[in-house]
Structure formats: C-alpha cells, structure tokens
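A.B. asks: Per numbering that gives the first Met the number 0, the very first residue in the sequence shown carries number 0; after that it's consecutive.
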Amino acid sequence: MEFTNCWLQYEKISDANHKDIKVYATTEGNIINNAIEELTTAFDMLYNRRVEAVFGGEPKDNENAAASSVELRLNPELKLGKEAFRIDCDSGRCVVSAQTQAGLLYGVFALIRNLRVQRVYDFDKWSFTLEQNPSNPIRMLDHWDNMDGSIERGYSGNSFFFEKDEIIINERTYAYARLAASVGINAVAINNVNVRGMATWLISDKYYDKLRSLSEIFGSYGIKLYLSINFAAPIEMGGLDTSDPCDERVKEWWKNKAKEIWQHIPEFGGFLVKADSEGRPGPFTYGRSHAEGANMLADAVRPFGGLVIWRCFVYNCQQDWRDQKTDRARAGYDNFMPLDGMFADNVILQIKNGPMDFQVREPVSPLFGGLKRTNAMLELQIAQEYTGQQRHVCYLLPWFKEILDFKTYCGREHDTVADIVAGRTYNNTNCGIVAVANTGNDINWTGHDLAAANWYGFGRLAFDTGLSAEEIASEWIMQTFGYNEKVMENVMEILMKSWPAYEKYTSPLGIGWMVKPNHHYGPDVDGYEYDRWGTYHRANHKAIGVDRTPAGTGYTQQYNEPLASIYADKRTCPQELILFFHRLEYDYVLPSGKTVIQHIYDSHFEGADEAARFLDLWRELEGLIEDEAFGRVEKRLIHQKEHAKEWRDVVNSYFYRISGIEDEKGRPLY
Ligand code: GCU
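1. Cβ-heavy atom distance between Ser276 and the ligand GCU below 7 Å?
2. In the DSSP assignment, find the unbroken alpha helix (DSSP H) run with Lys485 in it and report its ends.
3. Quick one: any contact between the segment 370 to 378 and the segment 604 to 623, if contact means 3 or more CB pairs under 8 Å?
4. May I ask you to verify whether the segment 590 to 601 touches the segment 650 to 663, counting CB pairs closer than 8 Å and requiring at least 3?
5. From Asn539 to Arg570, what distance separates their C-alpha atoms?
6. With H, G and I counted as helix, E and B as strand and the rest as coil, what does DSSP make of Thr199?
7. Check each candidate in Glu266, Ser158, Asp243, Leu306 and name the one with the smallest Cα separation from Gly292.
8. Using 10 angstroms around the beta-carbon of Pro354, count the other beta-carbons present and answer buried if the total reaches 16, otherwise exposed.
9. Determine the closest residue to Leu71 out of Lys644, Val22, Asp298, with distance taken between C-alpha atoms.
10. With distances taken from CA atoms, which of Leu576, Ser203, Arg195, Ala330 is nearest Arg360?
11. Within a Cβ cutoff of 7 Å, which residues of the same chain sit near Leu562, ignoring the five residues on either side of it in sequence?
12. By the DSSP assignment, the beta strand (DSSP E) with Asn29 in it spans what residues?
13. Using the rule of at least 16 other Cβ atoms within 10 Å of the residue's Cβ for burial, across every protein chain shown, is Val490 buried or exposed?
14. What does the Cβ neighbour count give for Val588, buried or exposed, with the cut at 16 atoms within 10 Å?
15. Please name the residue in Ile137, Cys93, Ser564 whose C-alpha comes closest to that of Leu348.
16. Are the CB atoms of Val116 and Gly106 nearer to each other than 8 Å?
17. Applying the criterion that 16 or more other CB atoms from any shown protein chain within 10 Å of the CB defines a buried residue, is Glu247 buried or exposed?
18. What span of residues does the beta strand (DSSP E) with Lys351 cover, start to end?
19. Among the residues of its own chain, which have a CB less than 8 Å from the CB of Cys245, if the five just before and after it don't count?
20. Looking at the secondary structure, which residues open and close the beta strand (DSSP E) in which Ala188 lies?
21. Can you tell me the Cα-Cα spacing of Arg301 and Asn4, whole angstroms?
22. Which residue marks the beginning of the alpha helix (DSSP H) containing Glu251, and which one marks its end?
23. Do the segment 81 to 99 and the segment 122 to 136 meet, that is, are 3 or more Cβ pairs less than 8 Å apart?
24. Pairs of beta-carbons, one from the segment 415 to 433 and one from the segment 471 to 486, closer than 8 Å: are there three or more?
25. Taking 7 Å as the cut-off, is the beta-carbon of Asp356 closer than that to any non-hydrogen atom of the ligand GDP?
26. Quick one: what does DSSP say Trp309 is sitting in, helix, strand or coil?
27. Is Lys515 near the ligand GCU, with its Cβ less than 7 Å from a heavy atom?
28. Would you mind reading off the limits of the beta strand (DSSP E) that contains Ile731?
29. Counting C-beta neighbours from all protein chains within 10 Å, is the total for Lys515 16 or more, i.e. buried, or is it exposed?
30. For the pair the segment 381 to 393 and the segment 448 to 467, tell me if three or more CB-CB distances fall below 8 Å.
31. Using only the alpha-carbon positions, how far apart do Thr424 and Gln388 sit?
32. Considering only heavy atoms of the ligand GCU, does any lie closer than 7 Å to the CB of Phe312?
33. Assuming contact is defined by CB atoms lying nearer than 8 Å, are Gly731 and Asp523 in contact in what I supplied?
34. If you pair each beta-carbon of the segment 479 to 487 with each one of the segment 328 to 341, do three or more pairs fall below 8 Å?
35. Taking 7 Å as the cut-off, is the CB of Lys21 close to at least one heavy atom of the ligand GCU?
36. Return the CA-CA distance between Ser214 and Ile202, expressed in angstroms with no decimal places.
What follows is the structure, given as structure tokens:
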C-alpha cells in the first residue's frame, strides 16, 4: 500500500445481517456515482452487506419490508442551502435529500460517519435524523506545492500534484479528493502562492488538459480547482512590458487569458493571488492600489463566475531592525483598511488569523473587525510551520476555535470571526475559511499520523463551526484507530494538551519567532532579532516585548473598543498575549501572580514535562494500535520529547544569562 486511508479506514462493526441494501438514486451523475461508491464500500466493510444501485426510481411500498435502503433524493426545491443535506433514517430505510449532488455526497459521508461514530450495530433498527447546512460557503485548502515536486513549508514528503514540472494524476489524486470531500472541503488551490518559474505557465496550453482532468476529478467530489497566479504574467508570458492593472493591454491580456482558461477548464474556480509581498510582483510597482489590482482580475473572471482570492499578507520585509517605529503587526490593516468598500464583489480578501504569521499564539487580526464592506476569508495554517512542523504533535483545533469565537466588536449583532467569514454579519456569500494544507506524498499523508487530525479537524470545523475541538478529536480518533476506550482516552489527552504544551516550551506570552531562521525549526531566541523581517522581541538585560500601545507603535488602536483599551492596558491585557502588546521588565508581576521571568522558567519546565508524558501515554497503547502506525508515532514522540527539552534549556538559559535572575525553584539553568 502506498498510502493510508486516514480516517476512512473502515473497521467491521457487525456481520450479523447479510441482507442486501438497495441504494435508490433519482438521477445519475459523477458526484452521485461517488456517493454510491462510498455507500458500497462502507456497507461492505462495516457490515459485510452488499449494495445494489437502482437509478431513476424510489423504493416501492412492497419493497420496503423486503430490503433495507438508502435513497439519494435530489430535490432542487428543498428549502435548504445549496450544499445542505437532510438525513431521515427509520428502521433500515434512509432518505438523504439535498438540492445538489454535492449536498447528497456530504449527506452520505455524514451518514457513514454517524454509523461509525455511534457504532450502530444493526442498521435495520437505526433511527436517525440530521439536517445540516455548511457554516461557510467556501471551505478551502491552499497547497504550497511547487512544480518541481517540492512543497514550501511541506513536512510530509513531496507533492502529489506536481513532479518535474508536470501535473501528476494517479490513484492518490482520487484518494485525496475523497478524503477532502469527506470532511466538506469544496475548493482547492494546488500550487504555491509564490508563483515562480514554470508555475507561471500553469495557465497555458501546456497544462490545460491535465488541469481539466484534475478539475473533473475534483468536481466529482464537489471540489472546485483554483490556481495561484503570477501578477507579472502579462510580462513573463504575454511579452508585454508592464503588468500595470490600469493599462488597457494588461486588462485585455487577462480577459483573453480568463476566456481561454474557462474554455479549457469549464468548472475552474478562480485565482489566488499573493501580490506585493515577500518579493512577489503586484500593483504597487505601478503606483496602483490592491483594489485596482484585484478588480482588474475580477473583471476578467466575472463572465465565467470566477473568484479572485487576494491575500492580505502584505508588509515591508526589508526592515532595518534598528527602526523601532515600523511595526509589521500594523501592516495588514494599514494596507487594506483604507480600501474597504472598493473591492469588486467577486474579490475575497484572504486574511491570516493573526497580524504576523501563523505563530503559536497571536492576537486575532484587527482586519476582521475593521472591514465592513469587503468579502473576507480566514486563512489558517495546518502545515505546522511554526508549531512543530509535523514532527511535534500539535492539535490546532482548540486554537482555531478561539480564533473563530473571537468577538470583534464590529458593531453588529453577529460579530465573531466565525460570523464574519460565514457571511452572517454582512450578508455576503463570497467568504469562508481556508487552511494552508499539511499533506504530501508520505505514506500517512501528513508526516505525523496525529497531524491528520488537523486536516480532518479543519474540514469538519469549516463545515460546522459549532463543533468543539474535543468532539472533532473524538470522531477522528475513533475513525482512524478504531474504537477502544484506552486509545480514545490517551490519544484525546495527547491531542488536547498538545497545543498548550507546544506554546509552553517554545515562545512565551505571545512573543513568537524564537526559531532558527529559514526553516523555522528548533529554538533560536535571537534567530530573527537582527534580521529584516520585522519580527523582534527586543529582549535586553532588563525587559522584553514590544510596546504596541498608543505610547508605542499604536497597533492596539486598530481594534474596536473595548478591545483597543483592554489590550493597551497591561493590567487588562490577556496574559497569554502580554508581551505581544507590552514591553515588560523581567520582575513585572503578571496577573497569575508570577513574575515574567518565573513564568518563562515554569512554563518551559512544564511544557517539556508534558511532551515527555505524551510518549508515555502513547506507549501504553502498544498492541492496541496497528504496528506500523504505532511505530511511526512513537518515533516522532521520542524526538518531540528530546526536542522539547532542547527548547526548554535554550530558552531558559538565554533568559537566565540575559537577566541574571535565578529560578525560584532552583532548577538547572545552564
Ligand atoms: C510565511 C512562510 C512563507 C510563505 C508566506 C506566505 O512567511 O514562511 O513560506 O510564502 O508565509 O504566507 O505567503
């Protein structure tokens, strides 16, 4: 086997009943065929029961008694959302209804998931109803895959989309689409946002045939294909001397390009754009705004129903570290807030969860509470770039829940981040959630078997933001490892404690960035201190942190009240973010009653102890988990334990040496 099925590896629940199951489908279609395939696999593997598909009809009354059935009822009149579904099961007769085929597919995956999670012994005696409308219109994965097969910030092998400048389509492509659809993903961008070299040429004859096939495979699972594009494509591909969005030739070039793309790939979704960021070209070169840049592309894709997803990760990456006035945290808001209301309706701004860059802890980006007339999408990262790179276990769902539940105080009744990106706050439909993907061609897809919980969890949460991190973890554990009480208990403890533990043994109190440059792995307290990236903690012998209050960089003022005041006052600022917003002396007493320095020492000892415990908890499961998976995870947890110790000692020693303050508890600081 070249790859696992992650959470779709079905274990037998019962083979007491061998009666066939009839699956009635009102129509045929690619998505429906996949839905039937899913039912066939699931009933075979869970119950050893055969499925017989009947197209174009419904069960006749006299058939009901004889056969159990699942009816897939496509009903465009149904008063539910486009991708919503309804399941009604009563004693062996199930009806799944939806407006669209995609809705039916989600219904089928939900039906199977519930059979497994509820451990339904006898399908013929099962009564169940569920109606669900996805929380977010767009539920997207962004892959940072390069065309040479490498993956930017990829921690699980190479790309399964590209190799040697070619697009790969094989068994894994289908398996990927199936896994993604099973958790409700409906949009995928396959190439890195940093579009260089041949990736610029993805939108050309050389690749259209393969892209069309890929789009059709994705389409058969309800997923739209997107591509990251190069804003300078009119120059690099089109031979123009400019990519100025206000130049008529440039507009014309993109219009023709869009027409050509949709001619070849009729179900294409649209463009993802990283512009004027970290060396990528963009409208700034021509003195144009991001609204002008995005709207020009939006005009080109509009006739085909296309979207332009425009990233807000725009900041000065050539900063002089001596400069204390420029604050990278301010950049997103400073660049995009003045443009609120100027973007076309088929443009969506894709905003990273925090103002910096996927650190283990950051405040929520103030753009969510600021923008009122602009479509917004939340960008998360399940590739664990700064959270252990899929070598450490770090279940991110508790963090994602905090971000979604964050109240922005934007002055509307529904004012959380979850409300805004779901479209509830401002009544928009072009919005949603996206995650930078954590997959690659490793046997287990995600490098660390436990990192698949982030893939599964992201999809489930994007589909239903009401789920808790524990509920998601519990579903995932059961479906991945099979049901066993001890497995449930220990893996749950590992997952739920992993993000807090990672935070404790890495960077304290909202500081972030204490990582080795370039690869961002392992401790280096000053790793980013004298560099050009604008990510400083400015620790000296007395104090640490950046003053972002009105007396400092003024970043706190980008928030709505009362947040601006809460963050600006060190007595009310949440402790876990205090060094993000304030510069504090080491003997400053935190709300917890501990000094800053003692907090640093204690949390690093605690975090490293917790990482060590994860290994013990896992080892208790030997024999209860399939050998290979057990071994793979054990190896990673051994590394994590050692590496957490390294983090603890490097960070604690650094602050001991710089502050000269002893640990109250007398533990070794080197
Ligand atoms: C981070 C990451 C880069 C990536 C960038 C982005 O800075 O390290 O590899 O290109 O984010 O989001 O565009």
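All C-beta atoms, glycine included, are put in the ideal place defined by N, C-alpha and C.
C.D. replies: Short version:
1. Taking the first residue of the sequence shown as position 1, residue 276 is located at position 277. Ser276 Cβ: within cutoff of the ligand GCU.
2. The residue given as residue 485 occupies position 486 in the sequence shown. Element bounds for Lys485: 484 to 504.
3. no
4. yes
5. By one-based count along the sequence shown, residue 539 stands at place 540. By one-based count along the sequence shown, residue 570 stands at place 571. Those two C-alpha atoms are separated by around 22 Å.
6. Looking up residue 199 in the sequence shown gives position 200. Looking at Thr199 - three-state DSSP - the assignment turns out to be helix.
7. The sequence position of residue 292 within the sequence shown is 293, counting from 1. The residue with the shortest Cα to Cα distance from Gly292 is Asp243.
8. Residue 354 sits at position 355 when you count from the first residue of the sequence shown. The residue is buried, with at least 16 neighbouring Cβ atoms inside 10 Å.
9. Numbered from its first residue, the sequence shown carries residue 71 at position 72. In terms of CA proximity to Leu71, Val22 leads the group Lys644, Val22, Asp298.
10. Translated into positions along the sequence shown, residue 360 becomes position 361. For Arg360, the nearest C-alpha among the options comes from Leu576.
11. Taking the first residue of the sequence shown as 1, we reach residue 562 at position 563. Closer than 7 Å at the Cβ level, and outside the excluded window around Leu562, lie Tyr408.
12. On the sequence shown, residue 29 is found 30 positions in, with the first residue counted as 1. Boundaries for Asn29: no beta strand (DSSP E) harbours it, while the alpha helix (DSSP H) harbouring it runs 29 to 46, taken from the DSSP string.
13. As a first step, residue 490 must be located in the sequence shown, where it is residue number 491. Flag for Val490 reads buried.
14. Stepping through the sequence shown from its first residue, residue 588 is reached at position 589. Around the beta carbon of Val588, a 10 Å sphere encloses fewer than 16 other beta carbons of the protein chains shown; the residue is thus reported as exposed.
15. Numbered from its first residue, the sequence shown carries residue 348 at position 349. Among Ile137, Cys93, Ser564, the Cα nearest to that of Leu348 is on Ile137.
16. In the sequence shown, the residue the question calls residue 116 occupies position 117. In the sequence shown, the residue the question calls residue 106 occupies position 107. For Val116 and Gly106, no; Cβs fall outside 8 Å.
17. As a position in the sequence shown, residue 247 is number 248, starting the count at 1. Result: exposed.
18. As a working mapping, residue 351 is identified with position 352 in the sequence shown. Taken as a continuous stretch (DSSP letters only), the beta strand (DSSP E) holding Lys351 covers 346 to 351.
19. Against the sequence shown, residue 245 aligns to sequence position 246. Same-chain partners within the cutoff: Tyr285, Arg287, Glu291, Met295.
20. Along the sequence shown, one-based indexing puts residue 188 at 189. Start and end: 186 to 190.
21. The residue labelled residue 301 in the question sits at position 302 within the sequence shown. The residue labelled residue 4 in the question sits at position 5 within the sequence shown. If you take the alpha carbons of Arg301 and Asn4, they lie about 38 Å apart.
22. Residue numbering aside, residue 251 sits at position 252 when the sequence shown is read from its first letter. Looking at the DSSP string, the run of the alpha helix (DSSP H) that includes Glu251 is 247 to 263.
23. yes
24. no
25. Within the structure as shown, the ligand GDP is missing, the only ligands being the ligand GCU.
26. Taking the first residue of the sequence shown as 1, we reach residue 309 at position 310. Reduced to three states, the DSSP call for Trp309 is strand.
27. Walking along the sequence shown from the start, residue 515 turns up at place 516. Exclusion of Lys515 from the 7 Å shell around the ligand GCU follows from its C-beta lying no nearer than that to any non-hydrogen atom of the ligand.
28. Here the chain covers residues 0 to 669 and nothing more, so residue 731 does not appear.
29. As a position in the sequence shown, residue 515 is number 516, starting the count at 1. Exposed, because fewer than 16 other Cβ atoms sit within 10 Å of the Cβ of Lys515.
30. yes
31. The residue given as residue 424 occupies position 425 in the sequence shown. The residue given as residue 388 occupies position 389 in the sequence shown. Looking at the two C-alpha atoms, the distance is approximately 35 Å.
32. Taking the first residue of the sequence shown as position 1, residue 312 is located at position 313. Distances taken from the Cβ of Phe312 to the heavy atoms of the ligand GCU include one shorter than 7 Å.
33. With the chain represented from 0 up to 669, any question about residue 731 goes unanswered, as that position is not in the structure.
34. no
35. By one-based count along the sequence shown, residue 21 stands at place 22. Lys21: no, Cβ never under 7 Å from the ligand GCU.
36. Stepping through the sequence shown from its first residue, residue 214 is reached at position 215. Stepping through the sequence shown from its first residue, residue 202 is reached at position 203. Approximately 13 Å between the Cα atoms of the pair.
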